[in-house]
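Trainee:
Numbering (this note's numbering), first residue to last: 1390 to 1746.
#1: Flag this pair as touching only if the segment 1623-1632 and the segment 1688-1703 have three or more C-beta atom pairs under 8 Å; answer yes or no.
#2: So, residue 1646 versus residue 1460, is the Cβ gap smaller than 9 Å?
#3: Quick one: what does DSSP say residue 1509 is sitting in, helix, strand or coil?
#4: Just to confirm the assignment: which complete beta strand (DSSP E) runs, minimum length 3, are found wholly within the segment 1520-1572?
#5: Considering just the uninterrupted stretch of the alpha helix (DSSP H) at residue 1635, what are its terminal residues?
#6: Go ahead and pull the three-state DSSP assignment for residue 1648.
#7: Are three or more beta carbon pairs between the segment 1479-1498 and the segment 1513-1526 nearer than 8 Å?
#8: How about residue 1592 and residue 1655: are their beta carbons less than 9 Å apart?
#9: Since residue 1742 contacts residue 1482 with CB under 8 Å, what's their CB separation in whole angstroms?
#10: Provide the residue span of the alpha helix (DSSP H) that contains residue 1624, from first to last.
#11: Quick one: Cα of residue 1559 to Cα of residue 1715, how far?
#12: Which residues bound the beta strand (DSSP E) around residue 1488?
#13: Around the Cβ of residue 1599, are there at least 16 other Cβ atoms within 10 angstroms (buried) or fewer (exposed)?
#14: Do you know offhand how far residue 1739's Cα is from residue 1463's?
#15: Near residue 1649, which residues of its chain fall below 8 Å by C-beta distance, leaving aside the five closest residues on each side in sequence?
#16: Between which two residues does the alpha helix (DSSP H) carrying residue 1613 extend?
#17: Which partner residues does residue 1629 have in the DSSP bridge list?
#18: Looking only at its chain, what residues have a beta carbon closer than 7 Å to the beta carbon of residue 1580, apart from the 5 residues adjacent to it on each side?
#19: For the segment 1473-1487 against the segment 1601-1618, are there 3 or more C-beta pairs whose distance is under 8 Å?
#20: Have a look at residue 1585 and residue 1543 and give me their C-alpha separation to the nearest angstrom.
#21: What is the rounded straight-line gap between the Cα of residue 1575 and the Cα of residue 1721?
#22: By Cβ distance, which residues of its chain are closer than 6 Å to residue 1529, with the 5 residues on each side in sequence left out?
#23: Between the Cα of residue 1518 and those of 1612, 1488, 1643, 1717, spot the shortest distance and give me the residue it belongs to.
#24: If distances are taken between C-alpha atoms only, which option among 1707, 1710, 1709, 1702 comes closest to residue 1719?
#25: Quick check on residue 1550: buried or exposed, where buried means 16 or more other Cβ atoms within 10 Å of its Cβ?
#26: Closest to residue 1506 by CA distance: which of 1486, 1470, 1527 is it?
#27: Taking residue 1708 as the reference, give the member of 1725, 1670, 1726, 1679 with the closest Cα.
#28: Any idea which residues DSSP pairs residue 1580 with across the strands?
#29: Drop a sphere of 10 angstroms on the beta-carbon of residue 1531, count the other beta-carbons inside from all chains shown, and report buried for 16 or more, exposed for fewer.
Now the structure itself:
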């Protein structure tokens, strides 16, 4: 591993996340215990006193210092390193993925990340098992009996990652839990913005579409709340508004939050448009209760209004909300975004592996 990456891994950390699973309120665990001066203490993954593991569960566990001074520079250096010169910090390490929902980008990017850094992968996809056959906690404890160093979990239920972490002796990585969060997606989204725009402070961001049931926008909102001068337009039908606790978190961070139903109304003033996947039946139903037509997709008119420097992001897979015929516009960054995910996850796994040594 390069000297720079190794130095950043060993000298910087972030807030500590302590939990024994989901809180009594039913909300994901929150970050605590930050030093008042100097670099933050501890590490980004925290610890579970009951099981001794370190976990990636919630976008709120990461500080801006760790993002800007550790993760993002490490990911960028890996991205700029020829494949034949990559380090092998995962040599001898094994990851097991357990997916209760299907995945392409998340699973493949983690598999590729582990392989490129010298590790190995095994797992079970959603079609290979049934949730009702065995308690999640029991499956995790069985996996703990085998020599795996990480468990990558995609749960069909919100809170599944915290439940798994409450019993696991090895790190659990939340690869999406129901309608809750998808923290590594938020990391790659924020990295893409940082890499392409050069900053995360002072952004004007539009989050668009079904904001009630999209874990990607929940996690991105929590992560962006770490930064200053944020203005966020939440563009959705009234019935699909972002959940109150996420809106309140943004507002409490100092962000200016506006709710509206027409992307065209703000397209000329934003730096980032973050689209969500179109669930047409749900959106169609929700729009029946709104007065007037809304705009929840990118089209030629939206692009004409969008500033030249702006980005259009999408976690993919996409639908009619982001037509393929617009892909020649360089502001459509969803495929660069997906590519960045590989290197963010490589950096994240390398950092996590060091906490295990």
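Where a beta carbon is used, it is the ideal one built from N, C-alpha and C, also for glycine.
Mentor: This is what the structure holds:
#1: no
#2: no
#3: strand
#4: 1539-1544, 1561-1566
#5: 1633-1641
#6: strand
#7: yes
#8: no
#9: 6 Å
#10: That residue, residue 1624, is in no alpha helix (DSSP H); its beta strand (DSSP E) goes 1620-1624.
#11: 43 Å
#12: 1483-1488
#13: buried
#14: 9 Å
#15: 1622, 1623, 1624, 1655
#16: 1604-1613
#17: Note: residue 1629 sits in no beta bridge, so no partner.
#18: 1461, 1464, 1729, 1733
#19: no
#20: 29 Å
#21: 18 Å
#22: 1553, 1556, 1557
#23: 1488
#24: 1702
#25: buried
#26: 1470
#27: 1670
#28: Answer by DSSP bridge pairing: none, since residue 1580 is not bridged.
#29: exposed
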